[in-house]
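What follows is one structure encoded as structure tokens, with my remarks underneath.
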Amino acid sequence: MRQFIIQGGIPLKGEVEISGAKNAAAAILAAAMLCDGVCVIDNLPYISDVVVMAELIEYMGAKVELSPSGRITIDASSLENKTPPEHMVSRMRASSYLMGVLLGRWKKANVPPPGGCCIGARPIDLHLKGFRALGANIDEGNLVSIEADELIGGEVHAEASVGTTINIMFAACRARGNTTIYSAAKEPHVVDTANFLNNMGARIKGAGTDTIRITGVNALHGCNYTIIPDQIETGTYMIMAAATHGDVIIKNCIPIHMESVSAKLSDAGALITEGDDWIRVCAPGQLKAINLKTMTYPGYPTDLQQPISAMLTMAQGTSVITETIFEQRYRHLEEMRRMGAKARVEDRIAIIEGVDKLYGRCVEARDLRAGAALITAGLMAEGTTTILGGRYIERGYERIDQKLQGLGARIVVEDK
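Throughout, the working numbering is defined as the position within the sequence shown, counted from one, plus 79.
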């Protein structure tokens with residue numbers, strides 16, 4: 080078992096470099112399977128989710144070369160329409176993208192239900208409804224079987240679902256005719272995925288808005304592409320800097336993607352300055368309680384609700400957080416109460432009363448962003464914090480222990 084051990088109480092100071100976007104990487108690696116050529120993708124985060132996706136693509140018959148330096152080369156010309164094994168698919172939510180990719184390329188897909196973190200209901204009903212709108216027939220059993228004699232463009236209502244928006248882009252870019260996605264998700268990694276598809280020859284317009292329009296093409300070709308910096312990793316280090324009363328410059332980021340996070344940290348009393356590709360966060364004084372509601376982009380991201388709730392356990396006053404996306408994203412607060420936090424949960428609302436101190440304890444991360452929250456708490460706490468379930472954290476944060484060490488944190492990762 081992987082575990083993180085933290086000696087807390089040290090303000091983070093210095094500079095940290097942001098890796099490529101995890102959520103964009105997962106979608107873009109899947110998208111590379113839609114073409115018959117070679118794709119070279121740079122700025123890839125070397126994390127376990129990326130490694131699993133690369134292994135899955137290789138299992139499907141593609142030639143894959145993955146470098147820890149952040150580059151992957153995928154030659155999908157030899158790809159086969161296999162049924163991916165459940166033990167691989169169950170390890171990550173992004174495996175759901177195989178449905179759209181295989182349907183787009185072969186008009187047929189047989190895929191086990193996807194896995195990922197247990198943070199609430201994440202049904203694929205909207206994905207399947209969208210595929211039906213393109214002419215597919217679907218049978219749900221131990222496998223999700225999707226088949227179409229021909230994919231024909233249609234109208235899809237994605238209800239701001241990221242997964243649905245991306246999966247329909249995959250299928251529709253190889254369909255006959257025009258497809259319109261209404262109520263499309265607008266997250267940065269949706270835009271990055273659309274840009275990658277367009278680089279391969281797709282005809283997608285409107286990504287980043289409520290309405291995406293796609294004109295199907297017969298074939299896609301290989302390309303070279305660089306993934307955008309990770310919005311959620313950026314926000315995590317911003318929050319950790321403020322939580323520890325530190326002074327950190329976050330480099331290789333996109334400040335416009337962070338506006339909702341910057342606004343909330345400013346409300347809490349942190350000082351934020353920005354450049355073209357960097358953000359500086361410092362918090363010399365006492366942080367204040369805030370109210371916060373998670374929203375789809377450009378609102379405050381659900382993936383950063385857990386880390387900021389950890390920060391707010393030592394803010395002055397009472398904070399109220401409303402989680403509108405995933406109903407099981409407060410389980411980390413149970414662990415933080417063991418560290419001295421005062422927090423209670425009423426349905427989708429968390430009420431957090433700030434305390435003067437947190438104390439190091441042995442706690443357990445049960446999902447990726449809960450792990451980031453517990454690291455934040457450990458950095459704030461007096462004494463030693465041991466975080467079990469480190470494998471969840473390593474699913475989404477590249478070299479987080481080394482990056483935090485570079486900011487002065489006393490943190491190590493051990494196998495036990």
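All C-beta atoms in this analysis are idealised placements derived from N, C-alpha and C, irrespective of residue type, glycine included.
Worksheet item: Going by the beta-carbon positions, is the gap between Glu205 and Ser240 smaller than 7 Å?
Response: Before going on, a small fix: residue 205 reads as Leu here, not Glu. Their beta carbons are under 7 Å apart, which means Leu205 touches Ser240 by this criterion.
Worksheet entry | Rounded distance between the beta-carbons of Ile358 and Val399, thought under 8 Å | Contact doesn't hold; Cβ gap of about 26 Å is too wide.
Item to complete: Report the rounded CA-to-CA distance for Ala251 versus Asn160, giving the unit in angstroms.
Response: One alpha carbon belongs to Ala251, the other to Asn160, and they sit about 18 Å apart.
Fill in: Helix, strand or coil at His324 according to DSSP, with G and I counted as helix
Reduced to three states, the DSSP call for His324 is coil.
Discussion item. Using 7 Å as the threshold, is the C-beta distance between Met459 and Ala322 below it?
Written reply: Yes, Cβ-Cβ distance for Met459 and Ala322 is below 7 Å.
Worksheet item: Hey, out of Ser175, Glu266, Ile245 and Leu453, whose CA is closest to Ile225's CA?
Response: Taking only the C-alpha atoms, the option nearest Ile225 is Ser175.
Discussion item. Can you give me the C-alpha to C-alpha distance between Ile97 and Thr397, rounded to a whole angstrom?
Written reply: Taking the straight line joining both Cα atoms gives about 32 Å.
Practice prompt. Count the C-beta pairs between the region 286–299 and the region 447–467 that are closer than 8 Å, then say yes if the count reaches three, no if not.
Written response: Contact fails: fewer than three Cβ-Cβ distances are below 8 Å.
Worksheet item: Which partner residues does Cys118 have in the DSSP bridge list?
Response: DSSP lists Ile153 as partners of Cys118.
Worksheet item: Cys196: buried (16+ other C-beta within 10 angstroms of its C-beta) or exposed?
Response: The pLDDT assigned to Cys196 is 46, lower than 50, so where the model puts this residue is not dependable; a value taken from the coordinates is nonetheless given after this. Label assigned to Cys196: buried.
Discussion item. Looking at the ligand ATP, does it come within less than 6 Å of Thr313, judged from the CB to the closest heavy atom?
Written reply: No copy of the ligand ATP appears in this structure; indeed no ligand is present at all.
Practice prompt. Give the C-beta separation of Ala444 and Leu467 to the nearest angstrom, bearing in mind that I take them to be a contact with Cβ-Cβ under 8 Å.
Written response: Beta-carbon to beta-carbon, Ala444 and Leu467 are separated by about 7 Å, close enough to satisfy the 8 Å threshold.
Worksheet entry | Beta-carbon gap between Val327 and Leu91 smaller than 7 Å | Closer than 7 Å, so yes.
Worksheet item: Which stretch, first to last residue, makes up the beta strand (DSSP E) that contains Glu353?
Response: Per DSSP, Glu353 is one residue of the beta strand (DSSP E) stretching across Leu350 to Glu353.
Worksheet item: Considering only C-alpha positions, which residue in the set Glu338, Phe83 and Ile89 is nearest to Leu486?
Response: Among Glu338, Phe83 and Ile89, the Cα nearest to that of Leu486 is on Ile89.
Item to complete: Starting from Tyr471, follow the beta strand (DSSP E) in both directions and report where the run begins and ends.
Response: Careful: Tyr471 lies outside any beta strand (DSSP E), inside the alpha helix (DSSP H) at Gly469 to Glu473.
Discussion item. Just to confirm my understanding: we take Leu158, look at its own chain, exclude 5 residues before and 5 after, and list those with CB closer than 7 Å. What are they?
Written reply: Non-local beta-carbon contacts of Leu158 in its own chain, meaning distances under 7 Å to residues more than five positions away in sequence, involve Met112, Met139, Gly140 and Ala141 in chain order.
Discussion item. Relative to the C-alpha of Glu432, which candidate in Gly419, Arg440 and Asn102 has its C-alpha closest?
Written reply: Looking from the CA of Glu432, the closest CA among Gly419, Arg440 and Asn102 belongs to Gly419.
Worksheet item: When we look at the beta-carbon of Gln385 and count the other beta-carbons within 10 Å, is it buried (16 or more) or exposed?
Response: Label assigned to Gln385: buried.
Practice prompt. Please work out which residues of its chain come closer than 8 Å, Cβ to Cβ, to Tyr261, disregarding the five sequence neighbours upstream and downstream, and give them in chain order.
Written response: Annotation for Tyr261: Glu234, Val235, His236, Ala237, Asp289 and Thr290 place their beta carbon closer than 8 Å to its own, counting only its chain and skipping 5 residues before and after.
Item to complete: Could you check if Pro308 is buried or exposed, using at least 16 other CB atoms within 10 Å of its CB as the buried criterion?
Response: Residue environment for Pro308: buried (at least 16 other C-beta atoms within 10 angstroms of its C-beta).
Discussion item. So, at 6 Å on beta carbons, what are the nonlocal neighbours of Gly199 in its own chain, with the 5 sequence-adjacent residues on each side left out?
Written reply: With a pLDDT of only 44 at Gly199, under 50, the local geometry of the prediction cannot be trusted, and no value is derived from it.
Discussion item. Once DSSP output is grouped into helix, strand and coil, what is the label at Glu137?
Written reply: Judged by DSSP in its simplified three-state form, Glu137 adopts helix.
Worksheet item: So Ile85 packs on Thr464, CB below 8 Å; how close in whole Å?
Response: Cβ atoms of Ile85 and Thr464 come within 8 Å of each other, at about 5 Å.
Practice prompt. Return the first residue and the last residue of the alpha helix (DSSP H) that Arg427 is part of.
Written response: DSSP places Arg427 in no alpha helix (DSSP H); its state is neither H nor E.
Worksheet item: Which residue from Thr305, Thr315 and Asp356 puts its Cα closest to that of Val119?
Response: Considering only alpha carbons, the answer is Thr305.
Discussion item. Determine whether the beta carbon atoms of Ala103 and His268 lie at a separation below 7 Å.
Written reply: Cβ atoms of Ala103 and His268: closer than 7 Å.
Item to complete: Compare the Cα-Cα distances from Ile107 to each of Gly93, Ile136, Gln82 and Glu94 and report the closest residue.
Response: Comparing Cα-Cα distances from Ile107 to each of Gly93, Ile136, Gln82 and Glu94, the minimum goes to Ile136.
Practice prompt. Determine the extent of the beta strand (DSSP E) in which Phe83 is found, giving its start and end residues.
Written response: Under the DSSP assignment, Phe83 falls in the beta strand (DSSP E) whose first and last residues are Arg81 to Gln86.
Fill in: Bridge partners - Glu219, DSSP secondary structure assignment
Answer is Val223.
Worksheet item: Which same chain residues, not among the five before or five after Glu353, have their C-beta less than 7 Å away from its C-beta?
Response: Hits under 7 Å: Pro334.
Fill in: Segments of 3+ residues assigned as beta strand (DSSP E) that fall wholly inside the region 275–337
Fully enclosed beta strand (DSSP E) runs of 3 or longer: 282–284, 291–294, 303–305 and 326–330.
Worksheet item: Where does the unbroken beta strand (DSSP E) through Tyr176 begin, and where does it stop?
Response: It is not in any beta strand (DSSP E) - Tyr176 instead sits in the alpha helix (DSSP H) that spans Tyr176 to Trp185.
Worksheet item: Going by the CB atoms, is the gap between Val131 and Arg170 shorter than 7 Å?
Response: In this structure, Val131 lies closer than 7 Å to Arg170 by Cβ.
Item to complete: Report yes if the CB atom of Met80 is closer than 7 Å to the CB atom of Lys367, and no otherwise.
Response: No; because the gap between Cβ atoms is not below 7 Å, this pair is not in contact.
Worksheet item: Is it right to say Ala281 is buried, meaning 16 or more other beta carbons lie within 10 angstroms of its own, or is it exposed?
Response: Looking at its Cβ environment, which holds 16 or more other Cβ atoms inside 10 Å, Ala281 is buried.
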